[in-house]
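J.:
Residue numbers (full-length UniProt numbering), protein chains in the order written: chain Y, 1 to 406; chain H, 1 to 406.
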């Protein structure tokens, strides 16, 4: 696969004290690359997670949901090339084997070991390959975050990472995070796996609160093709090694700065996934205002972002606001045709339900020729706002998903 | 546009006594074809209708909803080439002008005149062209149903009609129906307009009951691209000229036969729209069973039918049941991964959450090479069933919707 035209270079990412990454070969597929990631986490590491809402989720997701409730983590293992989804008890046994193997090595509880898998579905993760891959990883030299980003990827066309820092009561804390998602050649699902590592000292409950809040405005506001993976997972690990006074809630000194840094990293990660969307040629930001609530604005935004007719119009560099009207109307949210305004690149094309008489299409046409597209939709009903991100729908998407076979 | 490979020939359609169609040129676009349809209906004609749920609907839909409540119709006018949607008060004035012009000609109430429009949106229907077009139609010779099907079409690649008959207490009644939808070259919305004419003597209330019931299992069970038009309309007109004893409810003699005939025609029409789906190369029937209710089964079926990953897999002739699992799981309906079974062309690929060990892919591969694809999905939870219809997602869809401009 060619690298996405919307790719971003991998950022300089600081090491996180208490989080040591390693990669190795499990050879889940007939490829010569690392495909198993192992991150050892210091004792006392807090963990938080958000998971797919797909009810046909993988064993990894089912187990992860339960493990997160305990709040503590000692290790993360990520398998690439096999999602282990829809594999019943055999798939679950393979996950439990990995948890036991790492727990024996670290002298911790199996429930302290988090496992994710991504790749083809319906094939139980082979236990022998997993065992050998984990053994290789445990013995490997520590590696960079960029190597982690490359190893968790499957059909991604570029490695994706984000970083941020914050000051908490005079202590500087660092956040390094990686994600994989979209861009595929084997016909798998557009699985998204994201991992956030920080040396901040944070209670599990407040870490979860920060991650859940950021998730609502970032990962829950992106879409490539409206299809929800069975394996989507974002985990946040806080080792506490920065030595700041523990953040236990929104009133702790420095809590706002930490929450903002987590939000910033989640926003960066989520947008990188869109930038690697299958076949994407354009990155689209849709800002919805005037909705009856923020949640209503988000739903309207996603209805627009998921509309094949809107996405193909942007691919064709066509300011087809009629299709936007259609998408608003089908969203199932309060909307009034005669109060609706729509603009592209900061220029209104229609206001209050009518095309603008003096609408100047030239600047809009120029904007649509670019790679970064901005769409404004005002519903004229209330104060609800949301911004969502998507990519266009192109021949590349069809080629990736229809022209190859499992 | 080339004719869809899934096209069906236009059937022999009987004239309906009391319903006289005419077509004429209004020249809504710079084309040399009839684009205005006028059907005169006998006094006492019953009417029923179902309309789009898109809240940004056109004035035609808003007015139609109110007119149907009165239960009587004397005329139908259909404009092709301009949907008159998102055109505010100016669009509404154009519709009211048409209603007044026809009402004056027939000596009836304006509310007896039903108007539909389909085509580009955001441009008010030009009143002068509408007036001349209606005048031309009122003076034209009666025409065939096939001419009506051609005239209401915009980007359709073939004319679509369906017919049925029924015996009501010794009287034979006829139904002739036409529809337009999908297949486009100008980037409009995939608007669906359907018209059913019968000489049966039916009360408006029972006609509505039959149409609404059929709609749930036919028009509400098809999807091409998940985008809901602002103008979707299906109207049924019953002239009463067959002279049968009036059908007033499900207990009237012959009511079952009539309801079945209406259902049959709606099923034919809805499937013809899918067969002209934009870029369609394959017609897909998805039968869902074992859901907690019929409505739940329908929602699961539509989640599968709307999944870009499922639709591209079928385009690629790939029995990718993993994508079906994903689509079931994201539908938001009760489902249990470990009770789910999936099959193609009558062959089960996975049962009770596990791939079948003795799964023979050869007959499935042969089935997927054909034009008519059958998918079975059993949720293993209850007695709910539904069948939905869709088409595959191909490069043709992208070409039609992205490679052309408004």
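The beta carbon of each residue, even a glycine, is placed where N, CA and C say it ideally should be.
Nearest-angstrom Cα distance between residue 98/H and residue 61/H?
T.: 15 Å
J.: Alpha carbon to alpha carbon, how far is residue 74/Y from residue 124/Y?
T.: 25 Å
J.: Do residue 211/Y and residue 55/Y have their C-beta atoms closer together than 8 Å?
T.: no
J.: From residue 197/H to residue 238/H, what does the alpha carbon distance come to, in whole angstroms?
T.: 6 Å
J.: According to the Cβ coordinates, are residue 218/Y and residue 289/Y closer than 8 Å?
T.: no
J.: So which of 344/Y, 346/Y, 322/Y has the shortest CA-CA distance to residue 337/Y?
T.: Closest by alpha carbon: 322/Y.
J.: Less than 8 Å between CB atoms is the rule here; does residue 25/H satisfy it with respect to chain Y?
T.: Cβ-Cβ to chain Y under 8 Å: no for residue 25/H.
J.: Can you name, in chain order, every residue of its own chain whose Cβ lies under 6 Å from the Cβ of residue 245/H, other than the five neighbours on each side?
T.: 169
J.: By the DSSP assignment, the alpha helix (DSSP H) with residue 312/Y in it spans what residues?
T.: 308-315
J.: In whole angstroms, what is the alpha-carbon distance linking residue 148/Y and residue 10/Y?
T.: Between residue 148/Y and residue 10/Y, the C-alpha separation is close to 12 Å.
J.: Is it true that the region 381-399 of chain Y meets the region 129-143 of chain H, where meeting means three or more beta-carbon pairs spaced less than 8 Å apart?
T.: No, the region 381-399 of chain Y does not touch the region 129-143 of chain H.
J.: Assign residue 110/Y to one of three DSSP states: helix, strand, or coil.
T.: When DSSP states are grouped into helix, strand and coil, residue 110/Y belongs to the helix group.
J.: Suppose you measure from the CA of residue 42/Y to the CA of residue 176/Y; what does that come to, to the nearest Å?
T.: 16 Å
J.: Mind reading off the beta-carbon distance from residue 200/H to residue 258/H? Whole number of angstroms is fine, and I expect it under 8 Å.
T.: 6 Å
J.: Once DSSP output is grouped into helix, strand and coil, what is the label at residue 56/H?
T.: coil
J.: Pull out every residue of the region 309-322 of chain Y whose Cβ sits closer than 9 Å to any Cβ of chain H, in chain order.
T.: 309, 310, 311, 312, 313, 314, 315, 316, 317, 318, 319, 320, 321, 322
J.: For residue 139/H, which of helix, strand or coil comes out of DSSP?
T.: coil
J.: Quick one, which of 162/H, 311/H, 315/H, 317/H has its alpha-carbon nearest residue 326/H's?
T.: 311/H
J.: Could you tell me how far apart the beta carbons of residue 180/Y and residue 222/Y are, in whole angstroms, since I believe they sit closer than 8 Å?
T.: Not a contact, Cβ separation roughly 14 Å.
J.: Please report the distance separating the alpha-carbon of residue 387/Y from that of residue 216/Y.
T.: 11 Å
J.: Do the region 345-352 of chain Y and the region 282-298 of chain Y touch if we need at least three Cβ pairs shorter than 8 Å?
T.: no
J.: Going by CA-CA distance only, name the one from 128/Y, 261/Y, 370/Y, 47/Y that's closest to residue 90/Y.
T.: 128/Y
J.: Taking all protein chains shown into account, decide if residue 253/Y is buried (16 or more other Cβ within 10 angstroms of its Cβ) or exposed.
T.: exposed
J.: Under 8 Å between the Cβ atoms of residue 376/Y and residue 329/Y?
T.: no
J.: What span of residues does the beta strand (DSSP E) with residue 201/Y cover, start to end?
T.: No beta strand (DSSP E) contains residue 201/Y, which DSSP labels as neither H nor E.
J.: Give a yes or no on whether the minimum CB-CB distance between residue 330/H and chain Y is below 8 Å.
T.: yes
J.: Counting only runs of 3+ residues fully inside the region 217-266 of chain H, write out the beta strand (DSSP E) ranges in chain order.
T.: 233-238
J.: On the CB-based measure, 16 or more other CB atoms within 10 Å of its CB, does residue 172/Y come out buried or exposed?
T.: exposed
J.: Please classify residue 167/Y as buried or exposed, where buried requires at least 16 neighbouring CB atoms within 10 angstroms.
T.: exposed
J.: For residue 395/H, which residues in chain A fall below 7 Å Cβ to Cβ?
T.: Chain labels in this structure do not include chain A; the protein chains are Y and H.
J.: Thinking residue 108/Y and residue 283/Y are a contact (beta carbons under 8 Å), I'd like their distance in whole angstroms, please.
T.: Not quite, the Cβ-Cβ distance comes to about 41 Å (not below 8 Å), so this is no contact.
J.: Got a sec? Which residues, its chain only, sit under 6 Å from residue 413/Y by beta carbon, not counting five neighbours each side?
T.: Since the first residue shown for chain Y is 1 and the last is 406, residue 413/Y is missing from the structure and cannot be characterised.
J.: Counting only runs that start and end within the region 310-384 of chain H, where is the alpha helix (DSSP H) found for 4 or more residues in a row?
T.: 321-330, 361-368
J.: Does residue 144/Y come out as helix, strand or coil in the three-state DSSP assignment?
T.: Residue 144/Y: coil per DSSP, three-state reduction.
J.: Does the CB of residue 235/H have a neighbour CB from chain Y at under 8 Å?
T.: Chain Y, which has no Cβ nearer than 8 Å to the Cβ of residue 235/H, makes this no.
J.: Determine the contact status of residue 339/H and residue 393/H, defining contact as a CB-CB distance below 8 Å.
T.: no
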